[in-house]
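If you're matching positions, the sequence shown starts at 847 in the working numbering and goes up one per residue.
Here's the structure we're looking at; comments come further down.
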Amino acid sequence: MSITAFMEKHYRHYNARETLSAAKAYKNFIENEHGAMMVSLAGAMSTAELGISLAEMIRKGKIHAISCTAANLEEDLFNLFAHNDYHVIENWRSLSTQDEVDLRDRGLNRVTDTCIPETVMMHMQDRLVKYWKTAAENGQQYFPYEYMFRILDEKELEQHYQIPREHSWMIAAKEAKIPIYSPGIEDSTLGNMFAARVMDGTVKSHSALKSGTQQMEHLANWYKKLASDRPIGFFQIGGGIAGDFAICAVPMWIQDLGEENIRRWAYFSQISDSETSYGGYSGAVPNEKITWNKLDPECPKFMIHSDATIVAPLIFAYVLGQ
847 MSITAFMEKH
857 YRHYNARETL
867 SAAKAYKNFI
877 ENEHGAMMVS
887 LAGAMSTAEL
897 GISLAEMIRK
907 GKIHAISCTA
917 ANLEEDLFNL
927 FAHNDYHVIE
937 NWRSLSTQDE
947 VDLRDRGLNR
957 VTDTCIPETV
967 MMHMQDRLVK
977 YWKTAAENGQ
987 QYFPYEYMFR
997 ILDEKELEQH
1007 YQIPREHSWM
1017 IAAKEAKIPI
1027 YSPGIEDSTL
1037 GNMFAARVMD
1047 GTVKSHSALK
1057 SGTQQMEHLA
1067 NWYKKLASDR
1077 PIGFFQIGGG
1087 IAGDFAICAV
1097 PMWIQDLGEE
1107 NIRRWAYFSQ
1117 ISDSETSYGG
1127 YSGAVPNEKI
1137 TWNKLDPECP
1147 KFMIHSDATI
1157 VAPLIFAYVL
1167 GQ
């Protein structure tokens, strides 16, 4: 039985039904409405190896832009170069404080059941510093993903890949030439390292990295150009800045730039374990976004309360016809 057939047979109610409905609407949006899709990644989706299914979606033209935390940006490359050195802890809920200290002292940074070796972070920094330094000295600026792509351009490093290249969503995005936006890069390992290298004088200035507002300008222009020809949807994995940042491009055009006729997001789906709370945005129901000029009332809207590491690959498989 195919994944599509399985979902259509069993996913009839509650979050299962919402998952199937979101998948059907995504597939229809791309295939029948000539839609384009922005996908946002929060949490540690790259460490969860969502890239296995995400990369295929990018290669097959089902995703047209990514907005992600800088942690997801860097962790795809960490996994690419150091997968065999990752350490999985099956009984992570039973770890004692001393167990955590022992992991720290071994240079293993834990994300739930998966520990990332610090050595790969240092290796990435060593590769990136030369690019940061040169850019700062020459008065050049680049997006965070453009620096990552330079590492992928280093052909001599391909022999050190520890996962199949088709499992890296960063490689897929580079080959497909889709934009990647990563607001709040300072909230990441390499963002911290970049700040540290500016502070110790290794890198001349912060200007080597394009700012969040520059990323917003680029995203807004990307949206407007594409929206003149086709509707654009928003598939949000998790909450946080990755989704909040990108979805604001539309109300910025409408309210701050006076472009009242620009299309609003034409499809919206979110996978989240956040519950609606007083003042909480990540768990807010999609209808709330209507008041912010992000969605139209008739926009297909879905909120799936579940684990994205389980749900997202299923939706992607459905969209791909698997």
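Here a beta-carbon is modelled for each residue, glycine too, at the ideal position from N, C-alpha and C.
Between the C-alpha atoms of Q971 and F852 there is a straight-line separation of about 44 Å.
Taking C-alpha positions only, T1048 is separated from A1092 by approximately 32 Å. Of the other Cβ atoms in all chains shown, 16 or more fall within 10 Å of the Cβ of K908; this residue is therefore buried. Judged by DSSP secondary structure, P990 falls within the alpha helix (DSSP H) whose first and last residues are P990 to D999. Take the alpha-carbon of A882 and the one of D1090: they are about 19 Å apart.
Where S899 is concerned, the enclosing alpha helix (DSSP H) starts and stops at G897 to R905.
Under the DSSP assignment, S867 falls outside any beta strand (DSSP E), being part of the alpha helix (DSSP H) whose first and last residues are Y860 to E877.
Between the stretch 887 to 897 and the stretch 917 to 928 there are three or more inter-stretch CB-CB distances shorter than 8 Å, so the stretches are counted as touching. Burial is judged here by how many other beta carbons sit within 10 angstroms of a residue's own beta carbon; V947 has fewer than 16 and is exposed. Under DSSP, the beta-bridge partners assigned to A882 are I1078.
Each of C914, G897 and R1011 was checked against the Cα of A888, and the nearest Cα belongs to C914. Residue environment analysis places Y991 among the buried positions, since at least 16 neighbouring C-beta atoms fall within 10 angstroms of its C-beta.
Counting only runs that start and end inside the stretch 1022 to 1056, the alpha helix (DSSP H) elements of at least 4 residues fall at 1035 to 1045.
Residues of the same chain with a CB within less than 7 Å of the CB of Q1168, apart from the 5 flanking positions on each side, are S848, I849 and T850 in chain order. With contacts defined by Cβ atoms closer than 9 Å, I935 and T960 form a contacting pair.
Rounded to whole angstroms, the gap between the alpha carbons of L974 and Y993 is 7 Å.
If the five residues before and after I1017 are omitted, its C-beta is found closer than 8 Å to the C-beta atoms of A901, L926, L998 and R1011, all from its own chain and listed in chain order. Straight through space, the alpha carbons of A981 and K1056 are spaced by roughly 11 Å. Taking E1106 as the centre and dropping the five residues before and after it, the same chain places the C-beta of I1100 closer than 8 Å to its C-beta, in chain order. Between A916 and W978, the CB-CB gap reaches or exceeds 9 Å. In the displayed model, K1070 falls within a helix according to three-state DSSP. Sequence-distant partners of A1019 (beyond 5 residues in either direction) whose C-beta falls short of 7 Å from its own C-beta, in its chain, are I904, I912 and I1026. Boundaries of the beta strand (DSSP E) harbouring I1117: F1114 to S1118, taken from the DSSP string.
With fewer than 16 other Cβ atoms from the protein chains shown falling within 10 Å of its own Cβ, T1137 counts as exposed. Under the DSSP assignment, M967 falls in the alpha helix (DSSP H) whose first and last residues are E964 to E983.
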